[in-house]
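A.B. asks:
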Amino acid sequence: MIETHIGAITSNRGEKRSLGKIVVAIRSAVTQGNANSKYLKPFFVKELNKIGFPLHTWTQYEFENITLPGVKTFHALHGHLLIPQQFKVPSNDQNWAKQLWNFRLGYLINRLRKGLIPLTDEQIGQLDAIGFIWKVTDAIWERDILPALRIYKNIHGHLMVPTEFCVPSNCEIWPKRLWGFTLGSRVRALRKGLYSAQLEQDHDKLIEMGFIFDVYKTQWETKILPSLQVFAKVYRHGDVPYKFVVPSQAPWPKEAWGMNLGTLVAHIRSKALYRKWAQLHAEDLAEFHFVWNREQRLEHTVRKIIVPCLRVFWERFPHQVSIPIRFCVPDENDSDNASPWPDAARGFKLGHWISRCRSGRIALPEDLTEELENAGFTWTYTEARWQRYILPALEAFAATHAGSCQDMGTRFNVPHSEPYPRQTWGLNLGGIVWHIRNGDTYADPDKVAQLKRLKVVS
Numbered sequence: 014m015i016e017t018h019i020g021a022i023t024s025n026r027g028e029k030r031s032l033g034k035i036v037v038a039i040r041s042a043v044t045q046g047n048a049n050s051k052y053l054k055p056f057f058v059k060e061l062n063k064i065g066f067p068l069h070t071w072t073q074y075e076f077e078n079i080t081l082p083g084v085k086t087f088h089a090l091h092g093h094l095l096i097p098q099q100f101k102v103p104s105n106d107q108n109w110a111k112q113l114w115n116f117r118l119g120y121l122i123n124r125l126r127k128g129l130i131p132l133t134d135e136q137i138g139q140l141d142a143i144g145f146i147w148k149v150t151d152a153i154w155e156r157d158i159l160p161a162l163r164i165y166k167n168i169h170g171h172l173m174v175p176t177e178f179c180v181p182s183n184c185e186i187w188p189k190r191l192w193g194f195t196l197g198s199r200v201r202a203l204r205k206g207l208y209s210a211q212l213e214q215d216h217d218k219l220i221e222m223g224f225i226f227d228v229y230k231t232q233w234e235t236k237i238l239p240s241l242q243v244f245a246k247v248y249r250h251g252d253v254p255y256k257f258v259v260p261s262q263a264p265w266p267k268e269a270w271g272m273n274l275g276t277l278v279a280h281i282r283s284k285a286l287y288r289k290w291a292q293l294h295a296e297d298l299a300e301f302h303f304v305w306n307r308e309q310r311l312e313h314t315v316r317k318i319i320v321p322c323l324r325v326f327w328e329r330f331p332h333q334v335s336i337p338i339r340f341c342v343p344d345e346n347d348s349d350n351a352s353p354w355p356d357a358a359r360g361f362k363l364g365h366w367i368s369r370c371r372s373g374r375i376a377l378p379e380d381l382t383e384e385l386e387n388a389g390f391t392w393t394y395t396e397a398r399w400q401r402y403i404l405p406a407l408e409a410f411a412a413t414h415a416g417s418c419q420d421m422g423t424r425f426n427v428p429h430s431e432p433y434p435r436q437t438w439g440l441n442l443g444g445i446v447w448h449i450r451n452g453d454t455y456a457d458p459d460k461v462a463q464l465k466r467l468k469v470v471s
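Counting from 1 along the sequence shown, just add 13 to a position and that's the residue number in this note's numbering.
#1: Below 8 Å CB to CB, which residues in the same chain sit around residue 163 once its five sequence neighbours on both sides are set aside?
#2: Three Cβ pairs or more, each shorter than 8 Å: is that satisfied between the segment 200-215 and the segment 265-280?
#3: With distances taken Cα to Cα, identify the nearest neighbour of residue 343 among 336, 360, 82 and 144.
#4: So what's residue 19 in DSSP terms, helix, strand or just coil?
#5: Which same chain residues, not among the five before or five after residue 255, have their C-beta less than 6 Å away from its C-beta?
#6: In the DSSP assignment, find the alpha helix (DSSP H) that holds residue 335 and state where it starts and stops.
#7: Helix, strand or coil for residue 443, going by three-state DSSP, please let me know.
#8: Between residue 332 and residue 436, is the Cβ-Cβ spacing less than 8 Å?
#9: Kindly indicate the opening and closing residues of the alpha helix (DSSP H) around residue 180.
#10: Find the nearest neighbour of residue 341 within the set 247, 57, 320 and 366, judged by alpha-carbon distance.
#11: Can you tell which of 259, 423, 382 and 292 has its C-alpha closest to the C-alpha of residue 474?
#12: Would you call residue 10 buried or exposed, if buried means 16 or more other Cβ atoms sit within 10 Å of its Cβ?
#13: Residue 87 by DSSP, collapsed to three states: which one?
#14: Could you check which residue in 195, 84 and 99 has the C-alpha nearest to that of residue 93?
#15: Less than 8 Å between C-beta atoms, sequence neighbours within five positions excluded: which residues of the same chain meet that for residue 334?
#16: Output the residue ranges of the alpha helix (DSSP H) runs that lie fully inside the segment 204-249 and measure 4 residues or longer, sorted by chain position.
#17: Measuring CA to CA, which of 292, 210 and 181 is closest to residue 233?
#18: Pull up the distance between the alpha-carbon of residue 455 and that of residue 441, whole angstroms please.
#19: For residue 330, is the classification buried or exposed, using 16 other Cβ atoms within 10 angstroms of its Cβ as the cut-off for buried?
#20: Would you list the residues sitting across from residue 251 in a DSSP beta bridge?
#21: Within its chain, find whatever has a CB closer than 7 Å to the CB of residue 439; leave out the 5 residues flanking it on each side and keep chain order.
#22: Please report the straight-line C-alpha distance between residue 375 and residue 179, rounded to a whole angstrom.
#23: Give me the Cβ distance between residue 80 and residue 121, rounded to the nearest whole Å; I'm assuming they're in contact under 8 Å.
#24: What residue range is occupied by the uninterrupted alpha helix (DSSP H) comprising residue 256?
#25: Could you give the C-beta distance for residue 102 and residue 95, rounded to a whole number, given that I count them as a contact under 8 Å?
#26: Which stretch, first to last residue, makes up the alpha helix (DSSP H) that contains residue 466?
#27: Check whether the segment 402-411 touches the segment 378-392, counting contact only when three or more Cβ pairs, one atom from each stretch, lie closer than 8 Å.
#28: Nearest CA to the CA of residue 420: which residue from 457, 470, 384 and 373?
#29: DSSP three-state call for residue 31: helix, strand or coil?
#30: If you draw a straight line from the alpha carbon of residue 315 to that of residue 236, how long is it in whole angstroms?
#31: So residue 157 and residue 191 are in contact, right, with Cβ under 8 Å, and what is the actual spacing, rounded?
#32: Are there 16 or more other CB atoms within 10 angstroms of the CB of residue 226, so buried, or fewer, so exposed?
#33: Do residue 434 and residue 412 come within 8 Å of each other at the CB atom, strictly closer than that value?
#34: Out of 388, 140, 174 and 251, state which residue places its alpha-carbon closest to the alpha-carbon of residue 231.
#35: Buried or exposed for residue 356, please, with buried defined as at least 16 other CB atoms from any protein chain shown within 10 angstroms of its CB.
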């Protein structure tokens, strides 16, 4: 093999020709037996023989002057023979024989390993004698991967090597030859089957070291499923928020501390990760009330959070017209005093959810809409004021005035006593009725019918 770009000669006609390309043309003519080639004319052959050109022994010549010296020099300089495919001999480097300068040694070695260059048994023996590496994966496996795995296990106590892990440099724990070695990416490739022959050969050895072949299975069994179980016990539901991170404390599994469980659950729902293991443990997840999709989440939110929270809110804040947009359910963890709020609602942004629902950003099916309205949910501030204050106060007034509000004066304020609901105490009901009678408010057909029934209007 000769570099076709090396050197140039000038013909009698002043044309520049690449010396490397001329040599390739001569070799091709000899190999193909092309007697008509100008390079095999008697005069040309005679001149080549004069300068000792290896016309019929080029392969042997290349091995003795390029291959063997190149391999030996690389080994002497680098201490190994894992010659990268892109390696090129530096020019003007006195460590290398002059004929090797600028030569693509890595390319030649790659062709040797693939069997693209014929070698005699003697030549193979010469390469074997200096430790030539015929199969790179075998060499990397024995020389780098196995030793690196053993050292990693000694340091960290496990072999869950992160994909981005790279052996640190200037660290005495690691052999110098391994500094900068991308062990994480090698382990990932290993699990994907790149080193299948080596895995089969050393399978028992790896098992003994504690190597994990199916990282998803191990992650599921040691981290995710136990964390979901604890989540269900602590929060009494299975709708894990997207930003939920496993706390670094008991009763959470220590292996999962700091793990972003919410993100993993989102991947499970989208069928991106762990779907196989989630399906195998479907019964366990059902016990945890695991939420699989948007429809289940919405149903869970309305029935387990919104409806119970609405009842608690109106009991605790009877004078509120509506729930403030910034209201969050208290995250109460006092075990000595039972919280009236549902466990599933701890820290829930109730006001924000109601605002989004009223603005149409949360689409509710008919059955959930009905359940919300039955729990006192109103779609506007005006409707909320009517349902919680005005209508109950009018009905109480009518109940104590022969079923009629006809005689109510404009200055009537709701007294602080029964039968008036507590949330209506002090309400200037007379002023509200004046506006109603003058057609300012509450003029829709449903309310007008109720106003006529109570004889507020005729």
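Glycine residues also receive a C-beta, built at the ideal position from the N, C-alpha and C atoms.
C.D. replies: The structure says:
#1: 222
#2: Not touching, per the Cβ criterion.
#3: Its Cα nearest to that of residue 343, the residue 360 stands out among 336, 360, 82 and 144.
#4: No answer about residue 19 holds up, because its pLDDT of 44 lies below 50 and its placement is not dependable.
#5: Excluding the 5 residues flanking it on each side, residue 255 has same chain C-beta neighbours closer than 6 Å at 275 and 279, in chain order.
#6: Here residue 335 belongs to no alpha helix (DSSP H), and DSSP marks it neither H nor E.
#7: Here residue 443 sits in helix by DSSP.
#8: yes
#9: Judged by DSSP secondary structure, residue 180 falls outside any alpha helix (DSSP H); it is assigned neither H nor E.
#10: 366
#11: Only positions 14 to 471 of the chain appear in this structure, which leaves residue 474 out of reach.
#12: Residue 10 cannot be examined here, being either before or after the span of the chain that is shown, 14 to 471.
#13: helix
#14: Looking from the CA of residue 93, the closest CA among 195, 84 and 99 belongs to 84.
#15: 394, 397, 398, 401 and 402
#16: The segment 204-249 contains these whole alpha helix (DSSP H) runs: 209-214, 216-222, 228-232 and 238-248.
#17: Residue 292 holds the alpha-carbon nearest to the alpha-carbon of residue 233 among 292, 210 and 181.
#18: Counting only the Cα atoms, residue 441 lies some 16 Å from residue 455.
#19: exposed
#20: 303
#21: The residues are 426, 427 and 429.
#22: Each residue's Cα considered, the two are about 46 Å apart.
#23: The beta-carbon separation of residue 80 and residue 121, rounded to 6 Å, stays under the 8 Å limit for a contact.
#24: Where residue 256 is concerned, there is no enclosing alpha helix (DSSP H), given that its DSSP letter is neither H nor E.
#25: Residue 102 to residue 95, Cβ: 16 Å. No contact.
#26: 458-466
#27: The answer is no - the segment 378-392 does not touch the segment 402-411, with fewer than three Cβ pairs under 8 Å.
#28: Selected option, being the one with the closest Cα: 470.
#29: strand
#30: Taking the straight line joining both Cα atoms gives about 30 Å.
#31: With 8 Å as the limit, residue 157 and residue 191 qualify as a contact, their Cβ atoms being about 6 Å apart.
#32: exposed
#33: Contact: no.
#34: 174
#35: exposed
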